[in-house]
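Below is one structure; the comments refer to it alone.
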């Protein structure tokens, strides 16, 4: 199946189902007071080389982001993020809801990434109105961005440094954390606390889990407040072992990195073949597991007719001329088969 | 294992794991646009004989309750519920959070159940202050109550009738819906919309699911608002098939009722044996899958020493005299083994 | 005019209008950056013998209470107050709104006052559910209570001591602060911070001001947060001098105490005359400027026919028998004339 | 005094104090149940030629705006306004607070005014994400804008028409309503409901009142909800006659228009003199009672040295060179004296 609509449409990795089966033995305490949760917390800490970190599991990325931000942002704050951030565009005001009415101040971007200069300028701009304007709150960075682009380690350090100039906490939305990490070839610690990140939404759902994300606070000072906010948000699972269990095979032996590598490799393979084919160009530099190829309408039509699934990014095929060029969003998950990639490319070639 | 601490501590039914495995094939649309979700919705509608009902899946009972209430309660409303309701005592202000600051007005109870008279008196009391006091909002009823007691159908109809006198919507917190239903021997429709219930939190997690509840609106008028509130609460699952899939084997062939019968039968077996044993009395009339036996401290100590798990309800064993009598909360889930029940009773007998 | 419906129905003291006229000269900074505000703040600090206190002016008692509580209560807290508190009964969920969804836990009362024992029992009861229940938040005490009763200094100290046992901040709703103070014959400091109060809503509107209350934090630690919450609540006045100016003549030379003494004396005069008249009894021990006499329906009818204004407290005259006895709420403000009191008593005598 | 810092720094019109004095007679019902309020409501309705309009008085513009928006915007909506709107920049997240977490989506402007085209483009852009993004909520228009510019009637009609294309309600922030009205020379009805406005924050405070704004709903359908939201926001005045009384002399005989004409004339007089003087230019086309002249640093210094009050708009005098050019914001209220204007111009001339 030529499915490139999202990395949430494919199956979960079989090891996750096995882990759930294994976890499904006997009786345990509820709400996280169980051994599976303890082992998953330990595994996450190890991944981040952060033995003191407070680690919490929730089921959705929106919950992870909104709860993490609410723990750091007061209702009279504004959160700094890009104009393409998931927390701004795709969470139906969850951050505003969870923070009790904080604002999001948008940093403009061209490819989903903000620059340190733009961030500083925007933060500086929120300064002159005393009690009248919102107060500066956390900076939220998305890695990989919603345009598939990736901040280099130096970029991340630069953004965190700007936040620290203003004494602001830094949140990292890592829904596609693994896909970035394997591309950068650095450690999880380097991409987070060593760069200046205070709390990370450590995504798993888009990388082979069933529905599980970890929120990792490198400074556990806010831990208890987070627990209360999670509970009142309805995000504390009574049978938490099944949430936590998903992380055990995921982190074991670096499987999570293998899954991300597989997804990225599928994207790379598509990209390699598409470069030079049919005058295709790319709206943003492809990286990680996402790409935005601009193609002729005729190409799109042929692909859809052949059963490909993906989202049109910048316009509608209806009524478009055959020679018009429109951009697609293609996302690869860990499970892409060679056959599916081959078929896609064959159809595209025409 | 003699585990009576909660019905969230045991394993999920094996058919649920199988259903997850089955659902784990190929690619589907996200956020509920998948066939598994469609089938689960249809199954829930059939159970409730409500082909027009709006059915939504969430992962926790707190989410189900708070979202259902927020859809019906304005921030300037008060929700009527008992003084023992889960929404009041055990959700860390989730209803207040999701409604944007509505209040809960408590109806007093002696065994977890409110009477129609008390409900009417309390509703009537919230009347005289015009714009100054909160306005009357939904009535929330818990079936089975937090004390293990069950409203008869006539009780439910009576409570709903009081709500309708005041033109108030009715929410049913059915975290243990199945356990009540098999005890009453009525249909799901009779226990809900035929009695006057507008929206039900149809629990599955406490009855063998991994973490899945359905919110069922019998009038779909509020459906879209619910969807938006679910999303901004972070409760819309991207890979929703794994949430919905849990309901397929659960509802198939009445398995959910079998599971509840098994749990209730375990409670009944304990009760039958304990009546007349060791001067044991019951704080509330045992029913469903919960009981609150009052036992001598010596009995408690023996049970705990033998490895039993349950919560003390009204006091602490530490420092209590052997002859003091304290109440336990014992909850049975679907998975109780004869061996565990036998061992518990043997130890208790002394 | 025989007006006993409320202490918000009479005229403001003429000195207040004069102060507004005086303040109405020339140009000043906005939002409190003016000399009138500075002088009013100084005057309030002097009244409370609290030179470091943070003092803020708002226009309504509901704003004062809700903002003060929101500064101390987190959304996952519960506020402890009586079942008759204005914040519970008469603010249309303002505390729930301003705190972002905190709960109010009610301490039962018989005459509007809670006892230290009841407060301790209720606070202790909110303890056993960890993350599941709300966390303990501020204690809010009302002086004079909504039943016209007054806590003795020892009562206040006792309630504050219970709060401090649990390390909880104490809010005093002083909508009728002055009426209590002159009755107790103590200092403002003794009735607040010396007793253990952390923040007081220092009422002026019910005692001769046009619409002005001061929120006084004895520990200024929360000052900036309060300022932000006041602004986003829409309670920061641009032309604040007119809010602050009201307090200048009010506090000058103890006029505020004279006004309260006048109001209390009117109540006392009514009480003295009514005791023994027409078998009148009192639902609560009259004190301050409020009383709740229980009178024959015939007496009520005669009074209303003669043009008296007051609220029936426990029932409706319509359809009542002449010999039935119903309770009225009579409130005196500073402006009651001897003629009005005489006429009321003459009519009542029959 | 050369005070051009804001139109909230000057005295209130003497007739307002007189009206307060007159209103200060005898006893009335509280919370708006008084004759003064009834007369003021009638006067506002007459001004707007809207006999069915629901009219409410509050004390601040932030309260008026936030409450009006909260009545029309659900928590999952986004409000469309300009990037310079007071509700976005100067209310410390009050709209986000009062709506329970709605978002503000910003329409870019160059001189404070948005175009219909930009508004349509931005509204259209909030369309493609179904449940994921916020839903479209009210459009909020500011007249006079924060840059002193004024929408022509056709502009207003065009913006409202775009809102209606999408079936969105329209709010008008009329903090300086009168200043625009006299400039346009149209009726209040033409500038509001005849153009398509659903609710207006009808400002009085910046035009000679002490602290009073009216919220006018042309369709009274939302009236009761507004009343409840006003109360729980702490904005319902018990002694409301003093809020309402301010509007009586204000609206009587068109005094409010005279006051606005006076303010605008002062601005015009400054402008006329400054055009051509000292190479002064204007950042935005001056109109209403506000202007943003760009002047040499030396001019600014001379003015400040002479005691002028105004805000620097785009930079700091500290460290600036004498020949640099910086922009000031000058605001005139109704009370500007010829002497003050003359002195200002004399000093400026150098």
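Residue numbers (the numbering used here), protein chains in the order written: chain D, 89 to 438; chain L, 89 to 438; chain Y, 89 to 438; chain A, 89 to 438. Note that CB positions come from ideal geometry on N, CA and C, so glycine has one too. Keep in mind it's a predicted model, so treat the numbers as computed, not measured.
For the putative contact between residue i and residue j, defined by C-beta atoms under 8 Å, what is the C-beta separation to the nearest angstrom?
i, j, result
"residue 125(Y)", "residue 332(Y)", "4 Å"
"residue 302(Y)", "residue 293(Y)", "Actually they do not touch by this definition, with Cβ atoms about 11 Å apart."
"residue 244(Y)", "residue 229(Y)", "7 Å"
"residue 394(A)", "residue 435(A)", "4 Å"
"residue 208(A)", "residue 166(A)", "15 Å between Cβ atoms; not a contact."
"residue 112(Y)", "residue 99(A)", "5 Å"
"residue 193(Y)", "residue 210(Y)", "6 Å"
"residue 376(D)", "residue 267(D)", "4 Å"
"residue 327(D)", "residue 118(D)", "7 Å"
Measure from the C-beta of residue i to each C-beta in chain D and report whether the shortest distance is under 8 Å.
i, result
"residue 231(Y)", "no"
"residue 133(L)", "no"
"residue 309(Y)", "no"
"residue 303(L)", "no"
"residue 105(L)", "yes"
"residue 114(L)", "yes"
"residue 154(L)", "yes"
Using a Cβ cut-off of 7 Å, pull out every chain L residue sitting near residue i, in sequence order please.
i, result
"residue 180(Y)", "164, 219, 220, 221, 222"
"residue 144(D)", "Result: empty, since nearest Cβ-Cβ is about 13 Å, beyond 7 Å."
Counting only C-beta atoms, is residue i closer than 8 Å to chain Y at any point?
i, result
"residue 271(L)", "no"
"residue 324(D)", "yes"
"residue 313(A)", "no"
"residue 108(A)", "yes"
From the beta carbon of residue i, is the nearest beta carbon of chain L less than 8 Å away?
i, result
"residue 376(D)", "no"
"residue 234(Y)", "no"
"residue 177(Y)", "yes"
"residue 151(D)", "yes"
Anything in chain D within Cβ reach of residue i, meaning under 7 Å, just list it in chain order.
i, result
"residue 188(Y)", "163, 188"
"residue 241(Y)", "Those within 7 Å of residue 241(Y) in chain D number zero; the least Cβ separation is about 36 Å."
Say whether chain A places a C-beta atom closer than 8 Å to the C-beta of residue i.
i, result
"residue 317(L)", "yes"
"residue 191(D)", "yes"
Per DSSP, what are the beta-bridge partners of residue i in this structure?
i, result
"residue 224(D)", "166(D)"
"residue 416(L)", "400(L)"
"residue 229(D)", "260(D)"
"residue 195(D)", "170(D)"
"residue 91(L)", "397(L)"
Can you pull the chain D neighbours of residue i, defined as C-beta to C-beta under 9 Å?
i, result
"residue 259(L)", "By Cβ distance, chain D contributes nothing, its closest Cβ being about 15 Å from residue 259(L), past 9 Å."
What does residue i touch in chain Y if you count any residue whose Cβ is under 8 Å from its own?
i, result
"residue 185(L)", "163, 188, 189"
"residue 100(A)", "112, 327, 330"
Mind listing the chain A neighbours of residue i? Cutoff is C-beta to C-beta under 9 Å, in chain order.
i, result
"residue 118(Y)", "93, 94, 96, 97"
Starting from the beta carbon of residue i, find every residue of chain Y whose beta carbon is closer than 7 Å, and list them in chain order.
i, result
"residue 298(A)", "327, 330"
Using the beta-carbon of each residue, which ones in chain L are nearer than 8 Å to residue i?
i, result
"residue 320(A)", "163, 164, 189"
Starting from the beta carbon of residue i, find every residue of chain D whose beta carbon is closer than 8 Å, and list them in chain order.
i, result
"residue 125(L)", "By Cβ distance, chain D contributes nothing, its closest Cβ being about 13 Å from residue 125(L), past 8 Å."
Kindly list, in the order they appear in chain A, the residues whose Cβ is closer than 8 Å to that of residue i.
i, result
"residue 416(Y)", "Within 8 Å Cβ-Cβ: nothing; residue 416(Y) doesn't reach chain A, min ~16 Å."
At 4 residues or longer, and completely inside the stretch 330-407 of chain Y: list those alpha helix (DSSP H) runs for me, N to C.
335-339, 343-362, 385-393
Fully enclosed by the stretch 259-335 of chain Y, which alpha helix (DSSP H) runs are 4 residues long or longer?
Whole alpha helix (DSSP H) segments, 4+ residues: 265-272, 311-320, 329-332.
Scan the stretch 139-163 of chain Y and note each continuous alpha helix (DSSP H) run of 4 residues or more that stays entirely inside, going in chain order.
149-160
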